[in-house]
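**Student:** Residue numbering for the sequence shown follows the working numbering, beginning at 61 and increasing consecutively. Every residue, glycine too, gets a C-beta built ideally from N, C-alpha and C.
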Amino acid sequence: MLADGEPNIDRERLVRRHNPARTVSNLQSPMQVGNGRFAFGADISGLQTFVPFATMSEWGWKNDQLPAGSSLVDYHGQDLETHGRKVNYDIPAPRTPVSQWLISNPNRMNLGRIGLRFGDRVVLESDLDSATQHLDLWTGTIHSSLRWDGHDISIETCVHPEQDAIAIQIESLLVARGQLSVFIDFPFSNGESKFSAPYAGIWDQPESHSTTVEESQSTRARLRHVVDDTSYDVVLRWSQKGHVKHLTDHRYVLELSELSSSFLKLSATFEPEIEILDASVIAKASAASWPTFWRSGGAIDLSESSDPRWFELERRIVLAQYIMAVNAAGDCPPQESGLVNLGWYGKFHMEMNWWHSGYLALFNRWSLLSRSLNIYHRFLPKAVQRASSQGYKGARWPKMTDPEGKMAPGEINALLIWQQPHPLAFAELDYRAHPTRQTLKKWQPVVRATADFMASYAAWNKETRVYDLGPPLHVVSENTDPRVTYNSSFELEYWRFGLAVAMKWWDRLGLEPEKSWFTVLNHLAPLPTQDGVYVLWPGVQEMWTKYNWEHPALAGMYGWLPGSKKLDLAMMRATSDKIWNTWRFDNCWGWDFGLLSVNAARLKECDRAIDFLLDENMPFDDVGLAPGGSKVPFPYLPSLGAFLFAVAFMAGGWDGCPNRSTPGFPIHGWKVRSEGFSKAF
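1) Within 10 angstroms of its Cβ, does W198 collect 16 or more other Cβ (buried), or is it exposed?
2) Between which residues of its own chain and K305 is the CB-CB distance below 7 Å, once the five residues before and five after are set aside?
3) Can you give me the Cβ contacts of T83 inside the same chain, cut-off strictly under 7 Å, excluding the 5 residues immediately before and after it?
4) Have a look at P687 and R207 and give me their C-alpha separation to the nearest angstrom.
5) Sort E523, F439, V182, A669 by Cα distance to G619 and report the nearest one.
6) Taking the beta strand (DSSP E) that I230 falls in, what are its first and last residues?
7) Mark A389 as exposed unless 16 or more other C-beta atoms lie within 10 angstroms of its C-beta, in which case mark it buried.
8) How would you label S734, buried or exposed, when you count the other beta carbons within 10 angstroms and need 16 or more for buried?
9) By the 10 Å Cβ neighbour count, where 16 or more other Cβ atoms means buried, how is W298 classified, buried or exposed?
10) Start and end of the alpha helix (DSSP H) containing N413?
11) Please return the same chain residues whose Cβ sits closer than 7 Å to the Cβ of L143, not counting the five positions on each side in sequence.
12) Give me, in chain order, the residues of the same chain whose beta-carbon lies closer than 6 Å to that of W414; leave out the 5 immediate sequence neighbours on both sides.
13) Which residue's Cα is closest to the Cα of V595: M617, K575, T579?
14) Hey, quick one: how far does the alpha helix (DSSP H) through A518 stretch, first residue to last?
15) Could you give the DSSP three-state label for H437: helix, strand or coil?
16) Three-state secondary structure (DSSP) at F110?
17) Could you check the C-alpha separation between G599 and P588 for me, to the nearest Å?
18) Exposed or buried, G261, counting other C-beta atoms within 10 Å across all chains shown (16 or more means buried)?
19) Along the chain, where does the alpha helix (DSSP H) containing N659 start, and where does it finish?
20) Look up H583 in the DSSP assignment and say whether it is helix, strand or coil.
21) Compare the beta carbon distance of C648 and P612 with 9 Å and say whether it is the shorter of the two.
22) Residues in its own chain within less than 7 Å of Y452 by CB, not counting five upstream and five downstream?
23) Mapping DSSP to helix, strand and coil, what is E141?
24) When the Cα atoms are used, what is the spatial distance from R284 to P368?
25) What is the DSSP secondary structure of Y554, counted as helix, strand or coil?
26) The beta strand (DSSP E) that contains C218, what's its start and end?
27) Is there a Cβ from chain B that is less than 9 Å from the Cβ of G465?
28) Give the secondary structure of N148 by DSSP, where H, G and I count as helix, E and B as strand, and everything else as coil.
29) With a threshold of 7 Å on Cβ separation, who are the neighbours of Q239 within its own chain once the five nearest residues in sequence on each side are excluded?
30) Alpha carbons only, please: which of N167, R497, Y419, A708 is nearest the one belonging to G701?
31) Where does the unbroken beta strand (DSSP E) through D196 begin, and where does it stop?
32) How about L697 and P458: are their beta carbons less than 9 Å apart?
33) I'd like to know whether the C-beta atoms of V295 and P332 end up nearer to each other than 9 Å.
34) For the alpha helix (DSSP H) containing R425, name the first residue and the last one.
35) So, for A468: in the same chain, excluding its five sequence neighbours on each side, which residues have a beta-carbon less than 7 Å away from its beta-carbon?
36) Can you tell me whether DSSP reads A740 as helix, strand or coil?
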């Protein structure tokens, strides 16, 4: 928070001092431009000339052909014993081929590759005389300068803020000589690979798909790409007369017939039902949109800090915002690799929605967050159907899913539950930002259905006279036997938080809460403990040597969550100390460090909170992409979302935080100028 009379942060200066620059391509990490729903990954040329990075969208999905002789009705899931009755779960059936088809379909596509064409010459990046490149974060534009064969080439690349359209502006004498133009190429795709990284698409099966020129004029052409039963069009528009020529397989090149100019401006629009804009219009829209983004919401200036790590922390804060705005600000939650490459067939995980989107509430960027929050209203009918089919009330939210809300079969997918309270947490943040009856009514059906399921899922234990969660149950860390795991600490605490939000919601509406919510909330099983600390589940053996890896969810009980009345703070501090001293942080996931940071901050361990944000096990590369750990390909967007959530938490504060500016940052060594943040719960 800025002191009284202190000038506002110079946001343009703040942002631009972290513009990334390169002199060679990074073969696994593209420099990107995009709008949250659509993104284009570039190599050192500003295009995809030398490295086949992806062009991806949130709408670019396809279904493979069903296995021969198979039908969707062949899949029946598996029944598991659940508190005295059989419950059918979406668990794979290895002997049923359509089971794997349901996991891998629909799958996301790489929509195409666009690059420079050097006449009839085959040019590699190593053939360039020189190359420099920088990303202007303030305008969302990549500026690339190449020198080849004694000639300079300048390329500017950007994406329209609302349309799935790329602008490419090239300047070189080679254009006027007919020795430099642009190609577009299309790959095949299918669901055979769970991960496709660093490059997405299959380039060696040209016979498996088709590309045709549907329309050709002197300054524009429409190409249609067909993969199985899916097709989409790409419209190219360029600045001087020419035509699109088929080169080989699925590669087409722009051949100019008018060679009077050294400038070539080209746009590629992947939403051809809309107006086809020229490159100049797209560039102007990008240059106007990104400053609006940067001037909105929260901002942090660390430049007056004496701690030498200030620049790296500030760099990460700025770049993470850009990466998330490019990859993870659409109408659906993003896949965990965003729009960079393919992970989990391109599907998204609803438990990760918190780490992908929760930070936006604290940054006060509701215009972006509101795009995807409607997912709970859209998925509600299928979630209600899922719960009902299992004998529960309310709505059971999916884990691994697609834009239609279909659950992908999987044991973890079927038995994970920590995504269930998420809509209640989002609703509460929405009400804190917009405390109106309209907000209450908007969320009412989702709050009702979510709380009904949570109360219905909890099972009464006649012997202990408490409500149990599970078994079967997969905990946050996904590294225990779900058939014996029950009453896991984080899930119990999140259940309490969620049901308390639902009770408060009904009170705000002037309604009587459901009796089951109150009953379960007040009789949930106690948090399991051993030797003065909280543990994963009751009776766990070798907790701190066998299970001290993967997600340290125990830290989330007091940090991300505010802690219920059932939480003993002295025991929580002892638990956090145990985590900090024994956890194998080299075997964690990227979002774990944001989780640990907010836990430390809420415990007033501010120096430790900073250490977690800059932990060596969560490096950010030069453009701001970060890994998820050793188990998933690079990059991993929950790392960035959790990082930004922690930063906003530390800057904006939380309910009951110390009464000082930026209460999560250390006092010594850090001069933090912040503005525009909301307080966390």
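**Tutor:** Based on what the coordinates show:
1) Position 138 of the sequence shown, counted from the start, is the residue given in the question as residue 198. The residue is buried, with at least 16 neighbouring Cβ atoms inside 10 Å.
2) For the purposes of this step, residue 305 is taken as the residue at position 245 of the sequence shown. Result list for K305: Y312, V313, E315, in chain order.
3) Position 23 of the sequence shown holds residue 83. If we look at T83 and ignore the five residues flanking it on each side, its Cβ neighbours are A191, T192.
4) The residue given as residue 687 occupies position 627 in the sequence shown. The residue given as residue 207 occupies position 147 in the sequence shown. Between P687 and R207, the C-alpha separation is close to 33 Å.
5) Counting from one through the sequence shown, the residue named residue 619 turns up at place 559. The option with the nearest alpha carbon to G619 is A669.
6) Taking the sequence shown and counting its residues from 1, one reaches residue 230 at position 170. Unbroken beta strand (DSSP E) run through I230: 225-231.
7) Position 329 of the sequence shown, counted from the first residue, corresponds to residue 389. Counting of Cβ neighbours within 10 angstroms places A389 among the buried residues, the total reaching 16 or more.
8) One-based indexing of the sequence shown puts residue 734 at position 674. Buried, by the Cβ-count rule.
9) Against the sequence shown, residue 298 aligns to sequence position 238. W298 is classed as buried because its beta carbon has at least 16 other beta carbons within 10 Å across all chains shown.
10) Counting from one through the sequence shown, the residue named residue 413 turns up at place 353. Counting along the chain, the alpha helix (DSSP H) containing N413 begins and ends at 413-422.
11) The sequence position of residue 143 within the sequence shown is 83, counting from 1. Reading off the sequence shown, one finds His at residue 143, where the question assumed Leu. If you ignore the 5 residues before and after H143, its C-beta comes within less than 7 Å of the C-beta of A519, all in its own chain and listed in chain order.
12) Within the sequence shown, residue 414 is the residue found at index 354, counting from 1. So the list reads H482, once near-sequence residues are dropped.
13) Reading the sequence shown from its first residue, position 535 is the one you call residue 595. The option with the nearest alpha carbon to V595 is M617.
14) Translated into the one-based positions of the sequence shown, residue 518 becomes position 458. Membership of A518 in any alpha helix (DSSP H) is not indicated, and neither H nor E is assigned to it by DSSP.
15) The residue given as residue 437 occupies position 377 in the sequence shown. The DSSP-derived three-state label of H437 is helix.
16) For the purposes of this step, residue 110 is identified with residue 50 of the sequence shown, where counting begins at 1. Per DSSP, reduced to three states, the secondary structure at F110 is coil, with no helix or strand assignment.
17) For the purposes of this step, residue 599 is identified with residue 539 of the sequence shown, where counting begins at 1. For the purposes of this step, residue 588 is identified with residue 528 of the sequence shown, where counting begins at 1. About 8 Å.
18) Against the sequence shown, residue 261 aligns to sequence position 201. Buried, because 16 or more other Cβ atoms sit within 10 Å of the Cβ of G261.
19) Working through the sequence shown from its first residue, we reach residue 659 at position 599. Boundaries of the alpha helix (DSSP H) harbouring N659: 651-662, taken from the DSSP string.
20) By 1-based counting over the sequence shown, the position of residue 583 is 523. Helix, per DSSP.
21) Counting from 1 along the sequence shown, the entry for residue 648 is found at position 588. Counting from 1 along the sequence shown, the entry for residue 612 is found at position 552. In contact: C648 and P612 (Cβ atoms closer than 9 Å).
22) Start at 1 with the first residue of the sequence shown, and residue 452 comes out as number 392. The residues are F513, S516, Y517.
23) Translated into positions along the sequence shown, residue 141 becomes position 81. Strand, per DSSP.
24) Translated into positions along the sequence shown, residue 284 becomes position 224. Translated into positions along the sequence shown, residue 368 becomes position 308. So the alpha carbons of these two residues sit roughly 53 Å apart.
25) Locating residue 554 in the sequence shown gives position 494, counting from the first residue. In this structure, Y554 counts as helix in the three-state DSSP scheme.
26) In the sequence shown, the residue the question calls residue 218 occupies position 158. For C218, the enclosing beta strand (DSSP E) has its first and last residue at 211-219.
27) Absent from the structure: chain B. Only one protein chain is present.
28) Reading the sequence shown from its first residue, position 88 is the one you call residue 148. In the structure shown, N148 sits in a strand (DSSP, three-state: E or B).
29) Taking the first residue of the sequence shown as 1, we reach residue 239 at position 179. If we look at Q239 and ignore the five residues flanking it on each side, its Cβ neighbours are F178, G179.
30) Counting from 1 along the sequence shown, the entry for residue 701 is found at position 641. Nearest of N167, R497, Y419, A708 to G701, Cα basis: Y419.
31) Counted from its first residue, the sequence shown places residue 196 at position 136. That run of the beta strand (DSSP E) goes 190-196.
32) Residue numbering aside, residue 697 sits at position 637 when the sequence shown is read from its first letter. Residue numbering aside, residue 458 sits at position 398 when the sequence shown is read from its first letter. At a Cβ-Cβ threshold of 9 Å, L697 and P458 do not count as neighbours.
33) For the purposes of this step, residue 295 is identified with residue 235 of the sequence shown, where counting begins at 1. For the purposes of this step, residue 332 is identified with residue 272 of the sequence shown, where counting begins at 1. With respect to P332, V295 sits close: the two C-beta atoms are nearer than 9 Å.
34) In the sequence shown, counting from the first residue as 1, residue 425 sits at position 365. No alpha helix (DSSP H) holds R425; DSSP gives it neither H nor E.
35) Looking up residue 468 in the sequence shown gives position 408. Result list for A468: L162, I163, K407, M460, T461, in chain order.
36) If you number the sequence shown from 1, residue 740 lands on position 680. A740: strand per DSSP, three-state reduction.
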